[in-house]
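Per the working numbering, the sequence shown runs over residues 1 to 478.
Where a beta carbon is used, it is the ideal one built from N, C-alpha and C, also for glycine.
As the structure is a prediction and not an experimental result, all values here were calculated from the model.
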Amino acid sequence: MKNRFTWWWLAAWWIAPLAGAAAPARQPNILHIHADDHRADGLQALGNPVLKTPNLDTLVERGLTFTRCYTQGSMVGAVCLPSRTMLLTGRSWLRLETPAQAKASGYARAASYLPKVLGAAGYETWHMGKSGNEFGPAIQAFHTNLVDDARGIAEGPDSRSGAGRRLADAAIDFLKRRPADRPFYMYLAPPVPHDPRLAEPEFSKLYQPERIPLPAAFLPVHPWDNGEMTVRDEQLAPWPRTPENTRRQIADYYACISALDHHLGRIFAQLKAAGEFERTIIIFTGDNGLSLGEHGLFGKQNLYEFGGMHVPLVLVGPGIPQGRSQALVYLMDLYPTFCELAGAAIPPPVEGKSLLPVIQGREPKVREALYTAYRDCQRAVRDDRWKLIRYPLVDKTQLFDLTADPHELANLAEQPGHAATLARMTRLLEQEMARYGDTAPLKTAQPKPAEWKPPVPGGKTAPKAKTKTKAKASQAGS
Ligand SMILES: [Ca+2]
């Protein structure tokens, strides 16, 4: 475990505002940028030389990057939904309430929703993002809740092309008008770079598809049925996947990221103009990852490292050291981290772990292993070196040595000499599942055939038309 920190404490007032402690003399502002489907490698400064992200790169250069941050799991194709709910409630994916359950309980847990807790600690809470795929009761707990997405505002061929600009305009307006006597928690949730990927033309011009490198793990088709082969996101590319289509989609994705980066730069400039930049902790992250041709996949309904659950996480601001951490962390760890930054007590239902011990250099990690899950068809666990992915429905297992094979190209599960590691990682997976109350079986009495053939357009195996309700949820994006 390496944590290379260059310590620069800007103010003694900030040190160690532990849970339950009195609020610091001056609480920092918290600007929390939560992008939609933003991959963990979606910044130039995080090892992607093709991408142009000058503003986000400054965060990496000044702040602390967690290179192993994940959303924990999803019971639906819209991975976004449980991800954002875990973030705002601090609870594991298997212990979340639906809005209907929250209402039926008389909103018994409402006092523990993140905006409520930060509001009670003296923060002005402000949110802007897309409608849907959020946990409504927690979103409604913000002092200000603005909606902006492709369906909300008619503009051009698809209003997502201007989403970053509108978001920045509203955020800048808030920064100019906000109450000056208290800190703010701003939860910015742009609906990009989620598809449809329509950036403003000046950003699309930055990327020529023929110059985009293919992913290291590019495959025309996933080698077996992972349980979610024709979900909405997987239908965004033809089968078999082609290098040309893959490069085109990556170019469009990058253009949306550069557009977002540009508009975030405008917000950072306003923070500086208002004299608040040095008082503000900026967090950049996203709700879930995305495959873009790796392993024959295009969605976030998988557990590969360059896939569905791995997200970027960068923190910068007063009291945050510069460097990189390889600690295994969940997005829901941000909840208690924000509480401690704000000097607020962490409510009992919260299962995330504060990252402050890592940020302050007191501990190198907050957990030994990290588990991820998708519906009943995929389970995974990783430690500092090894990664196990289990597909119970088709009785398939993958074992990867992430140190030697970060792109998960060589499956060692059935290779000689790895039986002990396979057994150890299987036990580890069982332990982590038990920790979070995950009772899904890792073995099936009668597994389905693993072989999978791409659907023939218009043929018997073509994806079935969705029901109206499912289609609506699907189109809402995730
Ligand atoms: Ca998403």
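Out of the options, which has the shortest C-alpha to C-alpha gap to residue i?
i: F203; options: R241, Y254, I212 and Y107; result: Y254
i: A104; options: Y113, P115 and P137; result: P137
i: P349; options: G227, A100 and A110; result: A110
i: P321; options: L355, A171, L328 and L290; result: L355
i: E179; options: G122, L87, P416 and F298; result: Checking the sequence, you will find Pro at residue 179 rather than Glu. Taking only the C-alpha atoms, the option nearest P179 is G122.
i: P449; options: N226, L64, S112 and A217; result: N226
i: G319; options: A100, A345, T125 and V358; result: V358
i: M309; options: L56, N29 and M86; result: M86
i: Q415; options: D405, L399, L429 and T426; result: L399
i: G286; options: D36, H32, N29 and Q27; result: D36
i: A269; options: D173, D181 and L219; result: D173
i: L393; options: W452, E408 and F338; result: W452
i: Y187; options: N48, G299 and T125; result: T125
i: L402; options: S83, P240, D383 and V76; result: D383
i: L442; options: I389, E134 and A420; result: I389
i: N133; options: R84, G90, A120 and L175; result: R84
i: A102; options: Q140, P364 and Q27; result: Q140
Report whether the distance from the Cβ of residue i to the nearest heavy atom of ligand 1 is below 7 Å.
i: D225; result: no
i: N29; result: no
i: N302; result: no
i: C377; result: no
i: C80; result: yes
i: N245; result: no
i: H194; result: yes
i: D36; result: yes
i: D287; result: yes
Could you give the DSSP three-state label for residue i: helix, strand or coil?
i: R165; result: helix
i: E294; result: strand
i: E451; result: coil
i: T53; result: coil
i: A373; result: strand
i: E234; result: helix
i: H262; result: helix
i: W386; result: strand
i: W224; result: coil
i: V192; result: coil
i: S74; result: strand
i: A154; result: Confidence at A154 is low in this model, with a pLDDT of 44, below 50, so the placement of that residue is unreliable and no value is reported for it.
i: K396; result: strand
i: R248; result: helix
i: Q360; result: coil
i: V329; result: strand
i: F203; result: helix
i: F480; result: Any answer about residue 480 is impossible in this case: the structure gives the chain only from 1 up to 478.
i: R62; result: helix
i: Y335; result: helix
i: M229; result: coil
i: P441; result: coil
i: W93; result: helix
i: L146; result: strand
i: I172; result: helix
i: A479; result: Nothing about residue 479 can be reported from this structure: the residues present for the chain run from 1 to 478 only.
i: Y254; result: helix
i: L315; result: strand
i: F284; result: strand
i: T426; result: helix
i: V346; result: Before going on, a small fix: residue 346 reads as Ile here, not Val. Correct three-state label for I346: coil.
i: A273; result: helix
i: F135; result: coil
i: G417; result: coil
Considering only residues of the same chain and omitting the five flanking positions on each side of residue i, which have a CB-CB separation below 7 Å?
i: K52; result: Q44, L206 and S258
i: D485; result: Residue 485 falls outside the range modelled here, since the chain spans only 1 to 478, and no answer is possible.
i: H263; result: G164, R165, L167 and A168
Excluding the five sequence neighbours on either side, which residues of its own chain have a C-beta within less than 8 Å of the C-beta of residue i, listed in chain order?
i: L214; result: P243, T246, R247 and G293
i: A100; result: none
i: V366; result: A327, L328, V329, D333, K353, S354, L355, P357 and V358
i: E200; result: S161, G162, R165 and A259
i: A170; result: M128, L146 and D148
i: G47; result: D41
Report all residues from its chain with a CB closer than 6 Å to the CB of residue i; omit the five preceding and five following residues, and keep chain order.
i: A251; result: Y207, P209 and I212
i: E228; result: Q301
i: F306; result: E294
i: R68; result: Q326 and L328
i: R197; result: D252, Y253 and C256
Beta-carbon of residue i versus every beta-carbon of chain C: anything under 8 Å?
i: Y391; result: The chain labelled as chain C is not found in the depicted structure, where only one protein chain is given.
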